[in-house]
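K.L.:
One structure, as structure tokens, below. Some questions next.
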Amino acid sequence: MNAHDEPAETPVPTLEVGALLPRLDRGEKILLLDVRNEEEFEAWKVEARRPIETIHVPYFDFIEDADASIAKVPRNRDVVVLCAQGGSSEMVAGMLQEAGIPSANIKGGMIAYGLYLEPVRVPLTAAEAARYEVWQVNRRGKGCLSYVIVSGIEAVVVDPSRHAPWYEGFAAERGARIVRVLDTHVHADHVSGGPPLARKLGVPYFVAAGGEFELRQPVTPLADGQEVRLGGEKGVSIEMRVISTPGHTPGSTSFLVDGKYLLTGDTLFVASVGRPDLGGHVVEWGHALFDTLKRRLADLPEETRVLPAHYSGTAEISTENLVWGCLGDLRRTVPEMQIATADAFVEALRGAVKDPPKAYAEIIKVNLGAPATEEKISEWELGKNQCAASARKAAGA
Ligand SMILES: [Fe+2]
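So this is what it looks like as structure tokens:
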């Protein structure tokens, strides 16, 4: 055998995140081997709708003592190997394969997990469904929710992640073209895909910054109470009402689709409310949020369906695989909604918020229009959102 005749390495099967998650959701017996370092593993884990059996053996352990590390992996299981970007895990999966343990590499690792988008259709009444569709797009790795509303041959995208081609493709599959892009607020936990998507398509983009925020990109303003029409086909159209809901940020805006489906951004979640502390004005913004929740949203009927921009964990996902709630129920169950006075509300939130999300200041700057490299954005976006301020439990900016 000469140098060119080395035995071929056993190919390592790969698994896309989009193929893995549904299997984990169904409760398939898969063992997840996480080979990231301790700090990365503790900070951010893969979650599914059922508990995941996970073992953690860092990659460097495999390098230092391969036999001892391989011995920690059960032999009679289907193993999938996970790391930050899919490189170390591919090597470990290869070592396991050679040791006779069936294993697959999760392509792209936690980066791919953090980018994966899952569209879930909101069930509408037959009369509503004849006029429009509402899709909740779940960015599962981060707990970020965006929305695609389709009516006739037109679509509006709300709070898009930075995956412009995905939204374009999704709307096209629904037989529609995106005619407007909206952000509920200047996000602090993820870089908005709104401006690039709107620029690429040449359609209006809206976000309201407010306060001291200085927006450095073009925006088509929308006024509180304004109705935005969507449709484009004769006889098929809906209205989306713009509702100014300051508090989480001074410019936070909610959108009421067809008088019933309220896209609240980070104003109201299904188990908590948005944190008002990220601008250094927790008292002022906290009072604004109290006024929004108690007065500005007071006229909306109990049956209004709340569709937020974030969630904190799988417990907030309904049996329809949606993160949503009835406004009437949330008025009765969200702890912060029970607080009677603005001062007590602000005190409770002040006590409940934890550290600001990592890199939130940089992310806000990008969302106001500052340039940043793809590499930096990827780094800043690592990890779950921390947008909620909950008096019951710290959650998700
Ligand atoms: Fe936010």
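The letter at position 314 of the sequence shown is residue 329 when you use the working numbering, and the numbering goes up by one with no holes. All residues carry an ideal CB built from backbone N, CA and C; glycine is no exception.
1) Mind the definition here: the segment 218 to 238 touches the segment 107 to 117 only if three or more C-beta pairs lie below 8 Å; say whether that holds.
2) According to the neighbour-count rule (16 or more other Cβ atoms, all chains shown, within 10 Å of its Cβ), is glutamate 79 buried or exposed?
3) Quick one: grab the DSSP three-state call for isoleucine 126.
4) Does the Cβ of alanine 187 have 16 or more other Cβ atoms within 10 Å, making it buried, or fewer, making it exposed?
5) Looking at the structure shown, is valine 172 part of a helix, part of a strand, or coil, going by DSSP?
6) List the residues that DSSP assigns as beta-bridge partners of glycine 280.
7) Pull the bridge partners of glutamate 232 from the DSSP assignment, please.
8) Identify every run of the beta strand (DSSP E) within the segment 261 to 316, keeping only runs that are complete inside it and at least 3 residues long; order them along the chain.
9) How about leucine 160 and leucine 97: are their beta carbons less than 8 Å apart?
10) Identify, in the order they occur along the chain, each residue of the same chain with its Cβ nearer than 6 Å to the Cβ of isoleucine 67, setting aside the five sequence neighbours on each side.
11) Per DSSP, glutamine 151 is paired with what?
12) Run the proximity test for histidine 178: is its beta-carbon closer than 7 Å to any non-hydrogen atom belonging to ligand 1?
13) According to the neighbour-count rule (16 or more other Cβ atoms, all chains shown, within 10 Å of its Cβ), is glutamine 353 buried or exposed?
14) Using only CA atoms, which one of Pro117, Asp370, Tyr74, Val234 lies nearest to proline 89?
15) If we call anything under 8 Å between Cβ atoms a contact, is valine 257 one with glycine 240?
16) Taking its Cβ as the centre, do 16 or more other Cβ atoms sit within 10 Å of asparagine 91, making it buried, or is it exposed?
17) Can you give me the Cβ contacts of glycine 209 inside the same chain, cut-off strictly under 6 Å, excluding the 5 residues immediately before and after it?
18) Cβ atoms of threonine 279 and leucine 322: under 8 Å apart, would you say?
19) In the structure shown, what three-state DSSP assignment does glycine 246 receive?
20) Can you name, in chain order, every residue of its own chain whose Cβ lies under 8 Å from the Cβ of tryptophan 181, other than the five neighbours on each side?
21) Assign phenylalanine 360 to buried or exposed, taking buried as 16 or more other Cβ atoms, counted over all protein chains shown, within 10 Å of its Cβ.
22) Suppose the cutoff is 7 Å on Cβ atoms and the five residues either side in sequence are ignored; what does the same chain contact list for glutamate 248 look like?
23) With a cut-off of 8 Å, do at least 3 Cβ pairs link the segment 252 to 268 to the segment 303 to 311?
24) Taking the C-alpha atoms as reference points, what is the distance between histidine 71 and alanine 223?
25) Per DSSP, what kind of secondary structure is serine 207 in: helix, strand or coil?
26) Based on DSSP bridge pairs, tell me the residues matched to aspartate 93.
P.N.:
Checking against the coordinates, here is how it stands:
1) no
2) exposed
3) Collapsing the DSSP output to three states places isoleucine 126 in a helix.
4) exposed
5) Reduced to three states, the DSSP call for valine 172 is strand.
6) Pro323
7) Correcting the residue type first, residue 232 is glutamine in the shown sequence and not glutamate. Partner(s): none; glutamine 232 has no beta bridge.
8) 268 to 272, 276 to 280
9) no
10) Spatial neighbours of isoleucine 67 in its own chain (CB-CB distance under 6 Å, excluding positions within 5 residues in sequence) are listed in chain order as Leu39, Leu47.
11) Val135, Tyr162
12) Not one heavy atom of ligand 1 is found less than 7 Å from the C-beta of histidine 178.
13) Counting Cβ neighbours within 10 Å, glutamine 353 comes out exposed, since fewer than 16 surround it.
14) Pro117
15) yes
16) exposed
17) By the criterion of a C-beta distance shorter than 6 Å, glycine 209 is surrounded in its chain by Pro175, Val196, Asp198, Tyr220, once the five residues flanking it on both sides are discounted.
18) yes
19) strand
20) Leu132
21) Burial is judged here by how many other beta carbons sit within 10 angstroms of a residue's own beta carbon; phenylalanine 360 has at least 16 and is buried.
22) If the five residues before and after glutamate 248 are omitted, its C-beta is found closer than 7 Å to the C-beta atoms of Gly167, Ile168, all from its own chain and listed in chain order.
23) Contact holds: three or more Cβ-Cβ distances are below 8 Å.
24) 43 Å
25) Correct three-state label for serine 207: coil.
26) Ile45
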